[in-house]
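Novice: Provided herewith is a single structure, encoded as structure tokens, for subsequent inquiry.
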Amino acid sequence: MIFLTNITQIQPLNTIYNFKESKSVQDWYIVDDRVMGGLSKGNIKISDSGTAIYYGDVTTANNGGFSSLRHQFKSKNVSNYKAVVIRLKGDEKTYQFRIKSNINQRYSYVSSFKTNREWETIIIPFENFVPQFRGYRVNVPKYDGKQMQEIAFLLGNKLNESFQLEIESINLVK
35 MIFLTNITQI QPLNTIYNFK ESKSVQDWYI VDDRVMGGLS KGNIKISDSG TAIYYGDVTT
95 ANNGGFSSLR HQFKSKNVSN YKAVVIRLKG DEKTYQFRIK SNINQRYSYV SSFKTNREWE
155 TIIIPFENFV PQFRGYRVNV PKYDGKQMQE IAFLLGNKLN ESFQLEIESI NLVK
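Here the sequence shown stands for residues 35 to 208, where the numbers follow our numbering.
Here you go:
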């Protein structure tokens, strides 16, 4: 994983989602551990500056412990790109960025990143994404970087904690 402070250091970009341009969270949805009886609760809203704020509380009560923010879209050929570029500001917690090449696959390709309390640009090469299902590695090849149909952020640190992740944009880079 690479951290940059200036997004102009990397070009050209292909935008997957830019909250400042869309000014909407309508295409995003939350999946919490409530789907399995947990009590965690994530939320999303647009800030005054146009970024998305994904926030909430994760609890391990009732065998829970995760919240995720997801976005599905028409299948995208990403074979000309090498990495995901995310502009965000975190809360010093470790999050996962997740990719599905097909929304019907049960597993996701996952890469973790630690945030700080400043705006930062995180670059995650496709080769860093490993297949996981419910927190466990699955026996399929690593992400091949050909197709993409879902992206997600997930917090699941096995802790009772509040969280806040501010997201400006998610892009692809060659």
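Note that the Cβ used here is the ideal one computed from N, Cα and C, for glycine as well.
(1) Which ranges does the beta strand (DSSP E) cover as unbroken runs of at least 3 residues, wholly within the region 53-80, from first to last along the chain?
(2) Can you tell me where the beta strand (DSSP E) holding glutamine 139 begins and where it ends?
(3) Under 8 Å Cβ to Cβ from lysine 75, same chain only, skipping five residues before and after it: list those, please.
(4) Can you tell me whether valine 174 is buried or exposed? The criterion is at least 16 other CB atoms within 10 Å of its CB, across all chains shown.
(5) Identify which residue in Lys54, Ser145, Ser196 has its Cα closest to the Cα of isoleucine 156.
(6) Does phenylalanine 163 come out as helix, strand or coil in the three-state DSSP assignment?
(7) Are there 16 or more other CB atoms within 10 angstroms of the CB of lysine 134, so buried, or fewer, so exposed?
(8) Of the residues Ala86, Trp62, Asn162, Asp61, which one's Cα is nearest the Cα of glutamine 198?
(9) Around the C-beta of valine 172, are 16 or more other C-beta atoms found within 10 angstroms, so that it is buried, or is it exposed?
(10) So the candidates are Glu200, Tyr170, Val207; which of them puts its Cα closest to the Cα of glycine 190?
(11) Which stretch, first to last residue, makes up the beta strand (DSSP E) that contains arginine 121?
(12) Under three-state DSSP, which class holds asparagine 96?
(13) What does the alpha-carbon distance come out to for the pair lysine 176 and serine 196?
(14) Whose CA, out of Ser142, Gln166, Gln181, lies closest to the CA of lysine 110?
(15) Return the first residue and the last residue of the beta strand (DSSP E) that valine 207 is part of.
(16) For a test of the three-state rule: what should DSSP assign to asparagine 191, helix, strand or coil?
(17) Work out the CA separation of arginine 151 and asparagine 48 for me, nearest whole Å.
Specialist: On the basis of the coordinates in this document:
(1) As far as the region 53-80 is concerned, its whole beta strand (DSSP E) runs of at least 3 residues are 62-66, 75-80.
(2) Element bounds for glutamine 139: n/a, residue is neither H nor E.
(3) So the list reads Asp66, Arg68, Gly90, Asp91, Ser101, once near-sequence residues are dropped.
(4) Answer is exposed; the Cβ neighbour count stays below 16.
(5) Per the Cα distances, Ser145.
(6) If DSSP states are grouped into helix, strand and coil, phenylalanine 163 belongs with coil.
(7) Looking at its Cβ environment, which holds 16 or more other Cβ atoms inside 10 Å, lysine 134 is buried.
(8) Among Ala86, Trp62, Asn162, Asp61, the Cα nearest to that of glutamine 198 belongs to Ala86.
(9) By the 10 Å Cβ count, valine 172 comes out exposed.
(10) Of the listed residues, the one whose Cα sits closest to glycine 190 is Tyr170.
(11) Membership of arginine 121 in the beta strand (DSSP E) is indicated by the continuous run 117-123.
(12) Looking at asparagine 96 - three-state DSSP - the assignment turns out to be helix.
(13) Their Cα atoms are separated by approximately 31 Å.
(14) If we check each option's Cα against that of lysine 110, Gln181 comes out closest.
(15) Note, valine 207: beta strand (DSSP E), 195-207.
(16) In the structure shown, asparagine 191 sits in coil (DSSP, three-state: anything other than H, G, I, E or B).
(17) Approximately 26 Å, taken between the alpha carbons.
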